[in-house]
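Colleague: Numbering of the sequence shown is given in this note's numbering, commencing with residue 611 and proceeding in unit increments. Just so it is clear, CB atoms sit at the ideal spot from N, CA and C, and this is done for glycine as well. The model shown is predicted, which means the values in this text are computed figures rather than measured ones.
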Amino acid sequence: MKRLLLGLVATGGLLAGCSAGTQDGTGAGTTTDGGGPSSGGSPSNGGSPSTGGSPSTGGSTGQFTDGGGGMGGEGGGPPINPCGTECGPEELCDGIHKGLDDDCDGTVDEGCACGAGQASSCFKGDPSYRDDAGCNPGTMYCSELGDWGPCMGGNHATDDCFAADPLGCHPINVVPFGTSDLTSGTGNFDDNADAGSSTYTVTCPMGVTPCPTPNGSDYTPLQSGEYTVTYTKTVGGVPAECTFPLYVGAPGLRVELSWNFTSPSVDLDLHMKKPMSTLPWAIGGAEQDCGFANCKSYNFLPQGGSAPNWFPAGNVPPDPVNWFLDPVFEANSCYFAPRGAGQDWQDGNQGCHSPRLDLDNISCTPTVVDPQSSSFCAPENINVDFPPKDQWMRIGVHHYSHSSGQNVMPNVKIFCHGALAADLGTAGFYDPEAPFTWNASSDVNKMWLVADVLFREDECVRECIVEPLYLAPSDQKLPIVLTNAQYTAGNGPPYPPVP
Ligand SMILES: [Ca+2]
Ligand SMILES: [Ca+2]
Ligand SMILES: [Ca+2]
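(1) For W1058, report the span of its beta strand (DSSP E) as first-last.
(2) Is the distance from the Cβ of V1063 to the Cβ of E1077 below 9 Å?
(3) Can you list, in chain order, the residues of its chain whose CB lies under 8 Å from that of L832, leaving out five sequence neighbours each side?
(4) Assign I706 to one of three DSSP states: helix, strand, or coil.
(5) Roughly how many whole angstroms lie between the Cα atoms of N919 and W1048?
(6) Tell me, please, which residues DSSP counts as bridged to S730.
(7) At a cut-off of 8 Å, would you count D736 as near ligand 1, judging by its Cβ distance to the nearest heavy atom?
(8) Please determine whether the Cβ atom of G764 lies at a distance below 8 Å from any heavy atom of ligand 2.
(9) What does DSSP give as the partner residue(s) for V1007 in the beta ladder?
(10) Leaving out the 5 sequence neighbours to the left and right, which residues in its chain are closer than 7 Å to P927 when beta-carbon positions are compared?
(11) Please classify P937 as buried or exposed, where buried requires at least 16 other C-beta atoms within 10 Å of its C-beta.
(12) Could you check the C-alpha separation between A1095 and T975 for me, to the nearest Å?
(13) What does the shell around ligand 3 hold, if a residue joins when its beta-carbon is under 5 Å from any heavy atom?
(14) Going by CA-CA distance only, name the one from E1069, L856 and H881 that's closest to R1004.
(15) Does the stretch 959 to 979 touch the stretch 1017 to 1036, meaning 3 or more C-beta pairs lie closer than 8 Å?
(16) Tell me, please, which residues DSSP counts as bridged to G835.
(17) Skipping 5 residues on each side, what residues in its chain have a beta carbon closer than 6 Å to that of L911?
(18) Any contact between the stretch 797 to 812 and the stretch 859 to 869? By contact I mean 3 or more CB pairs, one from each, below 8 Å.
(19) In terms of alpha-carbon separation, which member of Q1086, T811, D877 and D828 lies closest to G1038?
(20) For the putative contact between W1002 and P885, defined by C-beta atoms under 8 Å, what is the C-beta separation to the nearest angstrom?
(21) For ligand 2, is there a heavy atom less than 8 Å away from the beta-carbon of C714?
(22) Just to confirm the assignment: which complete alpha helix (DSSP H) runs, minimum length 4, are found wholly within the stretch 908 to 942?
(23) Below 7 Å CB to CB, which residues in the same chain sit around T768 once its five sequence neighbours on both sides are set aside?
Following this line, the structure appears as C-alpha cells:
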C-alpha cells in the first residue's frame, strides 16, 4: 500500500542534563569560523552549556567525522546516545519508525517502500537525539524506484546536532508570507562581527521558484518548506559563517497549488472536500467543497450560506475548530496571506477560519514581485489548522479556464504540521517519471483528484497519511481525472480504509 507516515513523533526520551560528549561545538547551525576565538570548543559535559561555543579553527563542516560523539562509536561509527540509545539491529519502516534511522547507519528507511509523490521528514543517526535542541529533521522524497531518496537538509545526530551550542546559530520559524528577522537565528554568533560585515543569503527548498532574496536581514518566504540561511560576517577582517534552517510552515494541514505561471491566462482552482464527504464536487461552492466560490476571507466575513462550517461549535484546539484566534498575532497564519487577503482576515479580528482558501489566482504576471499586488503569481492554498483525526480529506484541482496555447503543469504540495508530506503533479506521475500535464484546449473543465489525507495520533505517534490517488493499477502512476459529468455526479473512488 502506498502510504506516507509522517514521522512527527511524540516528544520524550532524553533526560534533561544528560548530553553526549563531543569533539567540537558545531551543531544547530553548521559553523565555520576562521578567525573567532578558539577557546570554548571543549566538549560539553554533564549538560552544562559549553562556553563560548565557537568551534576550534579548521573549518569544521559540522559533519560527523569520528566516533567521539558518544559511547558506542568505536572505530568511526555513528554517535550513540549514552543516556538511552534507540539504535537497534535493523531498519524499521512503519508507524513511529517512519522517517527514523532505526539502525543508526546514517541512512533513513533504507529498504522501505514508498509511493510516488510521497515525501517525509527524516532524521539521520540515533533517533533518541531527535528532540534535542539543535537537532531537526530534513526531508526525503520517494524515488521513482519506490524507495526513499536521500535525506536532505536538517541537522542530524550524524552531524553531532546534540552538541549544538544552544546560544549559537539555530533554527527559526515563520508562517508563509510572514516576514522573518534573520538576525534572530544567529544567536550569539554575530556578537563579535565587524560593524557592517553581516550579510545573509537564503537557499529555497526544491521547487520554490522564484526564490526570494533577503532584504537586509528581513526575509519573506512565499511557500512552505525548509529554507537554508547562510550568515556571513568578518571578525577582525577574517571571514566566518554559519548556516541555519528557516522553517516556513503553517499548523495542521496546508495544501499549496502552483503551476507554470509563465502562461498567464490559465485558471486552475484548488478544492478540498469536507472530511469523509462522498457528495459531489461543487465548483460553484457548497458546504462539502471548499473552493474559490465559498472559502475565501470575504465568504466568512460575514459567513455566507455555502461557506464551509465543518466542525462542531464549542470545540477548542487541538480538536478541530471553525474559527481560532491565536493570542500571538504572528501565529495567525492567515493574517499574512498575499494579495490583500491577510489584511482582510486581520480586519475581521476573529483569527483564521478552517478550512479557508487564501486566494483565487485567475491570472497573474510573473514579473510582479510584490506579494500583495493583485497580479502577483501566488500559489493557491487551503488550510485546516486543526485537522480532525481519523478522517480522510480529499484534495482536487479543477481546470477552470485556459485561453493560451501552452499546456499547464499543476503542482500540489501537501504539508502536515509544517513538514512536507507529498509533492504531486510535477513529480510522482507516470512511469518513467514525467509531469502531469493538462492540454490547453481538450482538458478544460476537468477535475484532477490529487490525494486523500488523514491525520492520526496515538500514544506513540502523531502522523499524517497521504494517499496519492492513481488509476488502477496504481503502479502505472496515472492520475485520476474526472470529466464534468463525473465530478458533478460524485466524489470519485471510495476513500481508503481508515487505518
Ligand atoms: Ca526507520
Ligand atoms: Ca538506517
Ligand atoms: Ca484559480
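Modeller: Once the coordinates are examined:
(1) M1057 to E1067
(2) The criterion of a C-beta distance shorter than 9 Å is satisfied by V1063 and E1077.
(3) These residues qualify, in order along the chain: P786, F787, V818, P822, P948, P981, A988 and P989.
(4) I706 falls in the helix class under three-state DSSP.
(5) 32 Å
(6) M750
(7) No.
(8) no
(9) L880 and W1058
(10) Spatial neighbours of P927 in its own chain (CB-CB distance under 7 Å, excluding positions within 5 residues in sequence) are listed in chain order as F934 and F996.
(11) exposed
(12) 33 Å
(13) D877, D879, D970 and N971
(14) H881
(15) no
(16) G835 pairs with V858.
(17) G958
(18) Using a C-beta cut-off of 8 Å, the stretch 797 to 812 makes no contact with the stretch 859 to 869, since fewer than three inter-stretch Cβ pairs fall below that distance.
(19) G1038 has its Cα closest to that of Q1086, out of Q1086, T811, D877 and D828.
(20) 7 Å
(21) Flag set: Cβ of C714 near ligand 2.
(22) Listed in chain order, there is nothing to give.
(23) F674, P688, G716, K734 and G735
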